[in-house]
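Each remark here refers to the structure printed beneath this line.
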Amino acid sequence: MQGLAECPWQGKNARRRGPTTTMTKDDIQLLYGYDRWANNRVLQAASSLSAEEFTRDLGGSFRSVRDALVDIVGSEWSWLMCWKEPSPSSAFVEDVWTRHDALFNPNAFPDLAAVRLKWAEVERELVDFVNRVTNESLGRMLPVRTTQITLAHLMQHLANHSTYHRGQAALMMRQLAAKPLATDFAMFLMEGRRESADAQ
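Letter by letter, the sequence shown follows residues 282 to 481 of my numbering.
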C-alpha cells in the first residue's frame, strides 16, 4: 500500500541523517491549513461522481478514486498515530500498521459518505495535533528505518504524500469525464485562507 513503505520505524539505535529543521510552527500550520483545504476540495469534486464511478477500477496504481482517497486519509491517520506516541517502539508501529490495514481497507468504504465520515474524524485529530506543535516539538527526532528524521520533515513528507495522491485522484476524475477542482498552493494563499477564516 502506498504511504506505508516509508514508515517502517526502527529502534533507539537509529542514526540521524539529513538536513536540520528549518520550518517553524507557523510554516507547518500554514502547510496543514493548505492540506485540509485541498483535501476538502478533492472530496467536494468527488461528490459529482456516481457511486459506480467513485469505485470504478481504472487500472492505475490505485484502482479507483475511492481507493486513492482512502490511502490519503489512512496515511494521515497512521503517521499521526506515530507522531502522537512519545517513544514509538517497533511493536507499537507494527500495531499501527496492522490497525491501518483493518481500518482503511478501501472495500470498507462503499461510498463517498463513508469516506467523508472517517475523514472528518481523522481531520479533527490532525488539526488538534497541528495546533499544538511548537518550534521545539518540530525538532523532535523520530526513528525511520535506519535513520532519524525530524517531526517537521515527516510532516512535510505527509503533506507531500497527500498532494501526490490528490493529483492521482484528479487524473482519475478526468478519465471519468468529471471535473476536478484546482488545489494549487497559490490558489489556497489567494482564496483558501479566506474560506478557512469564513468557516471558523
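Glycine residues also receive a C-beta, built at the ideal position from the N, C-alpha and C atoms.
It should be emphasised that the depicted structure is a prediction, and the values quoted were computed from it without experimental measurement.
Nearest neighbour of residue i, chosen from the options [CA to CA]
i	options	result
T415	M468, Y315, M436	M436
P387	E406, F343, G420, W360	F343
N441	V396, R413, T336, Y315	Y315
N320	A401, P391, A433	A401
K306	F466, Q449, H434, A459	H434
T379	L457, P391, F390, W358	W358
A327	E333, V346, Q310, I309	V346
R421	T303, V411, L432	L432
D308	G448, L419, M471	L419
R397	Q325, T444, R413, D376	Q325
Residue i (DSSP reduced to helix, strand or coil)
i	result
P424	strand
T305	coil
T431	strand
G448	helix
T336	helix
T379	helix
S342	coil
N416	helix
D409	helix
Cβ-Cβ distance between residue i and residue j below 9 angstroms
i	j	result
W364	L312	no
F385	V408	no
Q310	V411	yes
Inter-residue Cα distance where the pair is residue i and residue j
i	j	result
M453	R405	27 angstroms
L330	T428	42 angstroms
K399	E417	30 angstroms
P369	A458	44 angstroms
E334	A467	30 angstroms
D348	D465	22 angstroms
T302	F390	Any answer about T302 is weak, because its pLDDT of 46 lies below 50 and its placement is not dependable; what the coordinates show is given next. Going by the C-alpha atoms only, they are around 37 angstroms apart.
V323	P461	7 angstroms
M471	V403	26 angstroms
E366	H381	16 angstroms
S356	D392	19 angstroms
R447	T336	16 angstroms
| Looking at C-beta atoms only, is the number of pairs between the region 326–343 and the region 438–458 that lie closer than 8 angstroms three or more? | yes
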